[in-house]
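**Q**
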Amino acid sequence: MTSHLAVLTVFALLVSSVFAALMKDDPREQLRSGSLMFAGFLAAAIVLGWLMYPLPL
Amino acid sequence: MATKSTTAERVGVAAEPGTLALVCIVAWAIPGGAHFWLGRRQKGLVFFVALMALFLLGLQLHGRIFAIDLQEPLGTLSAVANLGLGLPWVIARIAGAGTGQVTAVTYEYGNTFLIVAGLLNSLVVLDAFDLAMGRK
């Protein structure tokens with residue numbers, strides 16, 4: 007697995023599920039909060055990636 | 002109601018100092034183990050699956066399990082984070098896994114997976130402690 011996006015997606019999925027289970031007790035709330043967190047992780051990574059795109063390495 | 006009283010009884014037992022220490026040790030050694038023990042099976046299963054997946058993927062991505070070396074402070078911090086995962090960490094160390102392949106494209110990803118797995122399990126241990134104390 008060398009795709010950056012795939013690794014990022016799997017990481018976001020696993021971390022958001024742990025945080026959701028830690029923060030919420032009700033399974034429905036866990037699903038809602040986990041999904042929001044997962045979407046937030048992905049959106050933040052993609053936005054930050056594009057913001058850093060013009061920066062020289 | 003019946004489920005709640007059962008959980009309360011379990012929490013009462015776990016609040017004894019010896020059992021409390023055992024809860025923390027189980028929580029550290031087996032991700033999600035203490036939650037399973039305390040009757041939070043769904044949470045325990047989520048923790049076990051997610052943290053083991055993070056750990057195994059970290060090894061698969063050629064990540065490194067850091068050793069405690071005071072000459073390398075950042076490496077030591079990573080080692081402390083790695084240590085948070087408990088038994089899987091012990092088994093991996095004994096088996097000689099997690100040597101890390103610096104030249105691999107995914108090396109840093111692997112390190113991140115391994116470090117985050119350990120840190121998240123530390124949070125899970127604290128959550129199990131709170132649960133056993135009856136704070137949750």
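Line by line, the protein sequences are chains Z and W.
Each residue of the first sequence is one higher than the last, beginning at 7 in this note's numbering.
Each residue of the second sequence is one higher than the last, beginning at 2 in this note's numbering.
Note that beta-carbon positions come from the ideal geometry of N, C-alpha and C, so glycine has one too.
1) Give the C-beta separation of A68 (chain W) and I116 (chain W) to the nearest angstrom, bearing in mind that I take them to be a contact with Cβ-Cβ under 8 Å.
2) Does the beta-carbon of Y59 (chain Z) have 16 or more other beta-carbons within 10 angstroms, so that it is buried, or is it exposed?
3) Going by beta carbon distance, what residues of the same chain come within less than 6 Å of L132 (chain W), once the five residues before and after it are set aside?
4) Between W:A93, W:P32, W:T20 and W:E17, which lies nearest to A118 (chain W) when the distance is taken from Cα to Cα?
5) Can you pull the chain W residues whose beta carbon is under 7 Å from the beta carbon of A27 (chain Z), in chain order?
6) Can you tell me whether P89 (chain W) is buried or exposed, with buried defined as 16 or more other CB within 10 angstroms of its CB?
7) Alpha carbons only, please: which of Z:R38, Z:I52, Z:M43 and Z:A27 is nearest the one belonging to R42 (chain W)?
8) I need the straight-line Cα distance from V27 (chain W) to L42 (chain Z), nearest angstrom please.
9) Is it buried or exposed for H36 (chain W), if we count other Cβ within 10 angstroms and need 16 for buried?
10) Applying the criterion that 16 or more other CB atoms from any shown protein chain within 10 Å of the CB defines a buried residue, is L58 (chain W) buried or exposed?
11) Between the beta-carbon of M134 (chain W) and the beta-carbon of L21 (chain W), is there less than 9 Å?
12) What do you get for W56 (chain Z), buried or exposed, if any count of 16 or more other CB atoms within 10 angstroms of its CB means buried?
13) Can you find the residues in the same chain that come closer than 6 Å, C-beta to C-beta, to L14 (chain Z), ignoring five residues on each side of it along the sequence?
14) Near M29 (chain Z), which residues of its chain fall below 7 Å by C-beta distance, leaving aside the five closest residues on each side in sequence?
15) Can you round the beta-carbon distance between L60 (chain W) and G34 (chain W) to whole angstroms, since I take them to be within the 8 Å contact cut?
16) Which residues of chain W have a Cβ atom closer than 9 Å to the Cβ of P33 (chain Z), listed in chain order?
17) Measure from the alpha carbon of F17 (chain Z) to the alpha carbon of each residue in W:L121, W:Q72 and W:R136, then state which is nearest.
18) Since L62 (chain W) and T107 (chain W) are thought to touch, with beta carbons under 8 Å apart, how far apart are those beta carbons, to the nearest angstrom?
19) So what's R65 (chain W) in DSSP terms, helix, strand or just coil?
20) Specify the secondary structure class of T8 (chain Z) as computed by DSSP and reduced to three states.
**A** Once the coordinates are examined:
1) So it is not a contact: roughly 14 Å between Cβ atoms.
2) So Y59 (chain Z) ends up on the exposed side.
3) Counting only residues of its own chain and dropping the five nearest sequence neighbours on each side, L132 (chain W) has a CB closer than 6 Å to the CB of L39.
4) Just measuring C-alpha positions, the residue of W:A93, W:P32, W:T20 and W:E17 sitting nearest A118 (chain W) is W:P32.
5) Those within 7 Å of A27 (chain Z) in chain W are K44, V47 and F48.
6) Here P89 (chain W) is buried: its Cβ has 16 or more other Cβ atoms, across all protein chains shown, within 10 Å.
7) Measuring from the Cα of R42 (chain W), the nearest candidate turns out to be Z:A27.
8) Spanning the two alpha carbons is a distance of roughly 31 Å.
9) Burial call: buried.
10) Taking a 10 Å sphere around the C-beta of L58 (chain W), we find 16 or more other C-beta atoms and assign the residue as buried.
11) Yes, they are a contact pair.
12) W56 (chain Z) is classed as exposed because its beta carbon has fewer than 16 other beta carbons within 10 Å across all chains shown.
13) Within the same chain, L14 (chain Z) has close Cβ partners A51.
14) Here the set comprises S39.
15) Your pair L60 (chain W) and G34 (chain W) does not check out as a contact, with CB atoms roughly 20 Å apart and the cut at 8 Å.
16) Those are Q43, listed as they occur along chain W.
17) Measuring from the Cα of F17 (chain Z), the nearest candidate turns out to be W:L121.
18) Taking the Cβ atoms as the reference, L62 (chain W) lies roughly 4 Å from T107 (chain W), within the contact range of under 8 Å.
19) It is a strand residue.
20) Secondary structure at T8 (chain Z): coil, using DSSP grouped into helix, strand and coil.
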